[in-house]
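Here's the structure, in structure tokens; my notes come after.
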Amino acid sequence: MVMQKTLSKKKRSLFLLLTLFFPLLFFVLLEGGLRFFDYGDNLNLFVPTPDNFADTQYLAINQDVARRYFTQVSRTPLPVNTFFLKNKPANGYRIFMLGGSTVAGWPYSNNVLSSRLLNQRLTDAFPGKQIEVINTGIAALNSHSLLDFMDEVLEQKPDAIMIYAGHNEFYGALGAASTESLGPSRWIIKSYLAALNFKTVLWVRDVTSDFQRWLATLRSAAPAHSQYATLMGEMIGEQNVVYNGATYRRAKQHYQQNLEEIFERAHAANVPVIISELVSNVRDHAPFVSVATDRYPSADIVFRQAQVLEAEGQYGQARAAYYRAKDLDVLRFRAPQAFNEIIRETAAKFNVPVVPMQSSFEKASPNGLIGANLMLEHLHPTVEGYALIANAFFDSMQQHRLITAEWPAKKIKPPAYYAKNWPVTDLDRAIGMLRTMKLMDHWPFTPPSEPGNGFDNFQPGTYAEEVAYRLEKNELNFVQAHSEMAQHYRLAGKHGLAFREYQALIKAAPHHASFYLLAAKNRMEQKRFEAALVLIKQSLTLKNSALGNKWAGQIMLHYRRFDDAVSYLKKAQKQLSKDAHLVYLLASAYALSGHKQHAHEALIHLQTMQHDFAGIPRLEKLINNLK
237 MVMQKTLSKK KRSLFLLLTL FFPLLFFVLL EGGLRFFDYG DNLNLFVPTP DNFADTQYLA
297 INQDVARRYF TQVSRTPLPV NTFFLKNKPA NGYRIFMLGG STVAGWPYSN NVLSSRLLNQ
357 RLTDAFPGKQ IEVINTGIAA LNSHSLLDFM DEVLEQKPDA IMIYAGHNEF YGALGAASTE
417 SLGPSRWIIK SYLAALNFKT VLWVRDVTSD FQRWLATLRS AAPAHSQYAT LMGEMIGEQN
477 VVYNGATYRR AKQHYQQNLE EIFERAHAAN VPVIISELVS NVRDHAPFVS VATDRYPSAD
537 IVFRQAQVLE AEGQYGQARA AYYRAKDLDV LRFRAPQAFN EIIRETAAKF NVPVVPMQSS
597 FEKASPNGLI GANLMLEHLH PTVEGYALIA NAFFDSMQQH RLITAEWPAK KIKPPAYYAK
657 NWPVTDLDRA IGMLRTMKLM DHWPFTPPSE PGNGFDNFQP GTYAEEVAYR LEKNELNFVQ
717 AHSEMAQHYR LAGKHGLAFR EYQALIKAAP HHASFYLLAA KNRMEQKRFE AALVLIKQSL
777 TLKNSALGNK WAGQIMLHYR RFDDAVSYLK KAQKQLSKDA HLVYLLASAY ALSGHKQHAH
837 EALIHLQTMQ HDFAGIPRLE KLINNLK
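Numbers 237 to 863, taken from our numbering, label the letters of the sequence shown in order.
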């Protein structure tokens, strides 16, 4: 009897062990199978560029990375096309800029990015260093995502991290009031993001999302958010987030905790951080939704009081009232002033410098009231506003002695220089205007049932607006649009404006070698060969192209630098072996540099390729005259 009881206990233990083991084995096999078949998208923050992208290995921001955070929206926002060297050079200084749509430069093209201008200003100030300002901005991301990025950012050996983030804490991905919210627990959010490293979790998430969409189809009803035509509208979950209510307090708490952990990780890696205050349009953007409570007045009433105070010339009181009205707006797309307090207090705990962005924008605004002078709608800056952000980060870096203790004052160009020379064109401004118009045609700027028709009924007033409108209707891509504007200016004899369009392409995508060649061609057409050569050499630094070498060889021939011409043209010939004109140029360079034998061999090769080539008689005469 005792033996039976003993066996019975052993069997129970074995049964319990097997009960635990088989489910674990199932998930191990499932995970292994999903990995073997490479299930799902690569959601790493950084991915290698294709082999033919450039001669040096680069990394890029993964265009799918935002899929980590979005499952309920019809469109996943894309990051900026940003590239940086896979292997950080010895003279490199690498900065990562983290944030949401403002860091991503919405609604403009990438040549307007604050990170691009900051990169140029630092490069001009420190020509001996290879400056990289790497933009990881993605629309609708918030501090949960930034914290999730940190380990991958730190793996890339940054010298500094710049942060402008906080407007998306309510309606951004995983935000406290968004359609992508995972509930009130920050621990659950962090655990979920960590679990996404497992393919099984990704698979379960995808199956669940597909099932939800299938159920909605069966019910002949789209998800509640799909009635909204913009990402901004789709992200709205809880529409009335009252001031100092539970959701409001939770967003504040998560924001502070995430910033603290970001600072802690950077400090542990000995990487300095600079964080900026947040700015938004308080003067010229009325509250989205106003709700009076027992404790607080309606936002629209306070907004009207601010307007009265401004009209009376009481600008200090008006400013405070405008900020108060923004804080009481229960549709929380603009960060409340409490978030700037959190930024300052949390940064102070970790000795992190704070960019005084609010005062920078106030000083640049009439009567210190931030409005349409620097803002397009509720919070995205104008071209001038984005430049102001770049300059404020630059000044803060200098003040806190990043890069070096003593900055070279003689090499620092003033903001006015860049305001005049930075290539932002009428086309870029028109693109920003139209994208803003499209956004404001929809909820929450208009009622969901009554969308506006400003974009649909838009009548271009200039050629730039016409091209921008075609771009926004997907009739052109970005490169075609700027190229078409350049051609328009060329035909009108406005060659400087044509060149500026090509410069805009370069600043939008500074690692694309072909854009430098487009600009170089423009300079060559104007017989500005030295300027063309600078651009060609920049192109060749990125990619050793046949066309770049051929053009460089032609320019060297023009300047009678024959040995240099031979060097470039020989490189070009390796890639363009069937180009008769190239062989003619190479033979000419050999002859003019006194290499008769090489010139004669090239002539024979040319005659074999194209016996009736127009330049052959001239080349024969040139070679025959050699001693």
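Ideal Cβ placement from N, Cα and C applies to all residues, glycine included.
- Item | Per-residue DSSP class, three states only, for H461 | The count along the sequence shown starts at 1 and reaches residue 461 at position 225. Low confidence applies here, because H461 scores a pLDDT of 43, under 50, leaving its location unreliable; read the following figure in that light. DSSP places H461 within a helical segment (H, G or I) once states are collapsed to three.
- Look up M237 in the DSSP assignment and say whether it is helix, strand or coil. Walking along the sequence shown from the start, residue 237 turns up at place 1. Residue placement at M237 cannot be trusted, given a pLDDT of 45 that sits under 50; what the coordinates show is reported in the next sentence. Coil, per DSSP.
- Task: Enumerate in chain order the residues of its own chain whose CB-to-CB distance from Y491 is below 7 Å, with the five nearest sequence positions on each side excluded.
- Result: Position 255 of the sequence shown, counted from the first residue, corresponds to residue 491. Taken in chain order, the residues that qualify are S379, G402, E405, F575 and I578.
- Taking Q846 as the reference, give the member of R352, F319, A825 and V819 with the closest Cα. The residue labelled residue 846 in the question sits at position 610 within the sequence shown. The shortest C-alpha to C-alpha distance from Q846 to any of R352, F319, A825 and V819 is the one to V819.
- Message: Looking at the secondary structure, which residues open and close the alpha helix (DSSP H) in which R665 lies?
- Response: Looking up residue 665 in the sequence shown gives position 429. Residues D662 to M676.
- Could you spell out where the alpha helix (DSSP H) holding I578 opens and where it closes? The residue given as residue 578 occupies position 342 in the sequence shown. Residues Q573 to K585.
- Message: Output needed for E278: all residues of its chain with C-beta closer than 8 Å, excluding positions within five of it in sequence on either side, in chain order.
- Response: One-based indexing of the sequence shown puts residue 278 at position 42. Per the sequence shown, residue 278 should be read as Asn rather than Glu. In its chain, beyond the 5 residues on either side, N298 and D300 have a beta carbon closer than 8 Å to the beta carbon of N278.
- Query: Can you check whether the CB of L615 is closer than 8 Å to the CB of M468?
  - Reply: The residue given as residue 468 occupies position 232 in the sequence shown. The residue given as residue 615 occupies position 379 in the sequence shown. The beta carbons of M468 and L615 sit no closer together than 8 Å.
- Item | Cβ-based burial, L727 [other Cβ within 10 Å; buried from 16] | Translated into positions along the sequence shown, residue 727 becomes position 491. Burial check for L727: the Cβ neighbour count within 10 Å stays below 16, so the residue is exposed.
- If you measure from the beta carbon of A296 to each beta carbon in chain D, is any gap under 8 Å? Here chain D cannot be found, since the structure has a single protein chain.
- Alpha carbon to alpha carbon, how far is E548 from F499? Counting from one through the sequence shown, the residue named residue 548 turns up at place 312. Counting from one through the sequence shown, the residue named residue 499 turns up at place 263. Each residue's CA atom was taken as its position, placing E548 and F499 some 44 Å apart.
- For P394, count neighbouring Cβ atoms within 10 angstroms of its own Cβ and tell me buried if that reaches 16, exposed if not. Numbered from 1 along the sequence shown, position 158 holds the residue referred to as residue 394. Its Cβ being crowded by 16 or more others within 10 Å, P394 is buried.
- Query: Mind checking A458: buried by the 16 CB within 10 Å criterion, or exposed?
  - Reply: As a first step, residue 458 is located in the sequence shown; it is residue number 222 there, counting from the start. Note that A458 scores 47 on pLDDT, short of 50, meaning its location in the model is unreliable and no value can be drawn from it.
- Message: Output needed for L858: all residues of its chain with C-beta closer than 6 Å, excluding positions within five of it in sequence on either side, in chain order.
- Response: As a working note, residue 858 is residue 622 in the sequence shown. The residues are A827.
- Query: Can you tell me the Cα-Cα spacing of Q723 and R570, whole angstroms?
  - Reply: Here residue 723 is taken as the residue at index 487 of the sequence shown, counted from 1. Here residue 570 is taken as the residue at index 334 of the sequence shown, counted from 1. Looking at the two C-alpha atoms, the distance is approximately 41 Å.
- Of all the options H831, E388, L670 and I370, which has the alpha carbon lying nearest to the alpha carbon of L612? Residue numbering aside, residue 612 sits at position 376 when the sequence shown is read from its first letter. Restricting attention to H831, E388, L670 and I370, the CA atom closest to the CA of L612 is found in L670.
- Residue range of the alpha helix (DSSP H) that G552 falls in? Start at 1 with the first residue of the sequence shown, and residue 552 comes out as number 316. Note, G552: alpha helix (DSSP H), Y551 to L564.
- Task: Go ahead and pull the three-state DSSP assignment for P853.
- Result: Counting from 1 along the sequence shown, the entry for residue 853 is found at position 617. Three-state result, P853: helix.
- DSSP three-state call for R330: helix, strand or coil? Numbered from its first residue, the sequence shown carries residue 330 at position 94. Residue state, collapsed to three classes: strand.
- With burial defined as no fewer than 16 other Cβ atoms inside 10 Å of the residue's Cβ, what is the status of E368: buried or exposed? As a first step, residue 368 is located in the sequence shown; it is residue number 132 there, counting from the start. Flag for E368 reads buried.
- Query: Quick one: what does DSSP say E470 is sitting in, helix, strand or coil?
  - Reply: Locating residue 470 in the sequence shown gives position 234, where the first residue counts as 1. Residue state for E470 is assigned as helix, using DSSP reduced to three classes.
- For Y653, is the classification buried or exposed, using 16 other Cβ atoms within 10 angstroms of its Cβ as the cut-off for buried? In the sequence shown, counting from the first residue as 1, residue 653 sits at position 417. Exposed, because fewer than 16 other Cβ atoms sit within 10 Å of the Cβ of Y653.
- Just grab the DSSP bridge partners of E548 for me. Counting from 1 along the sequence shown, the entry for residue 548 is found at position 312. Beta-bridge pairing links E548 to no other residue.
- Contact set for M760: own chain, Cβ-Cβ below 6 Å, skip 5 residues either direction: For the purposes of this step, residue 760 is taken as residue 524 along the sequence shown, with counting starting at 1. Cβ within range, chain order: A768.
- Task: Would you check if the distance between the CB atom of Y294 and the CB atom of F332 is smaller than 8 Å?
- Result: By one-based count along the sequence shown, residue 294 stands at place 58. By one-based count along the sequence shown, residue 332 stands at place 96. Y294 is not a Cβ neighbour of F332, given a cutoff of 8 Å.
- Message: On the DSSP bridge list, what partners appear for S414?
- Response: As a position in the sequence shown, residue 414 is number 178, starting the count at 1. In DSSP, S414 forms a bridge with I472.
- Item | CA nearest to the CA of R665, picked from F630, P617, N693 and F681 | The residue given as residue 665 occupies position 429 in the sequence shown. The residue with the shortest Cα to Cα distance from R665 is P617.
- Item | Proximity to E338 [Cα-Cα], best of L432, I606, E702 and G621 | As a position in the sequence shown, residue 338 is number 102, starting the count at 1. Looking at the sequence shown, residue 338 is not Glu but Thr. Here the closest residue by C-alpha is G621.
- Query: Using a Cβ-Cβ cut-off of 8 Å (strictly less than) and excluding sequence neighbours within five positions of F765, which residues of its own chain qualify?
  - Reply: As a first step, residue 765 must be located in the sequence shown, where it is residue number 529. Counting only Cβ-Cβ distances below 8 Å, and skipping sequence neighbours, we find R759, I791, H794 and Y795.
- Message: At the level of alpha carbons, what is the spacing between R560 and Y407?
- Response: Within the sequence shown, residue 560 is the residue found at index 324, counting from 1. Within the sequence shown, residue 407 is the residue found at index 171, counting from 1. Their backbone Cα atoms lie some 20 Å apart in a straight line.
- Message: Please state whether the Cβ-Cβ distance between A835 and A823 is less than 8 Å.
- Response: Within the sequence shown, the letter at position 599 stands for residue 835. Within the sequence shown, the letter at position 587 stands for residue 823. Their beta carbons are under 8 Å apart, which means A835 touches A823 by this criterion.
- Would you decide whether P853 is buried or exposed? Buried here means 16 or more other CB atoms lie within 10 Å of its CB. Sequence index remark: in the sequence shown, residue 853 carries index 617 (1-based). Taking all protein chains shown into account, P853 has fewer than 16 neighbouring C-beta atoms within 10 Å of its C-beta and is therefore exposed.
- Item | Three-state class that DSSP yields for Y795 in the structure shown | Counting from one through the sequence shown, the residue named residue 795 turns up at place 559. It is coil, neither helix nor strand.
- Task: Following the continuous beta strand (DSSP E) through Q366, name the residue where it begins and the one where it ends.
- Result: As a working note, residue 366 is residue 130 in the sequence shown. DSSP places Q366 in the uninterrupted beta strand (DSSP E) bounded by Q366 to N371.
- Which value, in whole angstroms, describes the spacing of the CA atoms of I885 and R330? Here the chain comprises residues numbered 237 to 863, so residue 885 is not present and cannot be evaluated.
- Three CB pairs or more closer than 8 Å across the segment 685-704 and the segment 732-749: Taking 8 Å as the limit for Cβ pairs, the verdict is that the segment 732-749 does not touch the segment 685-704.
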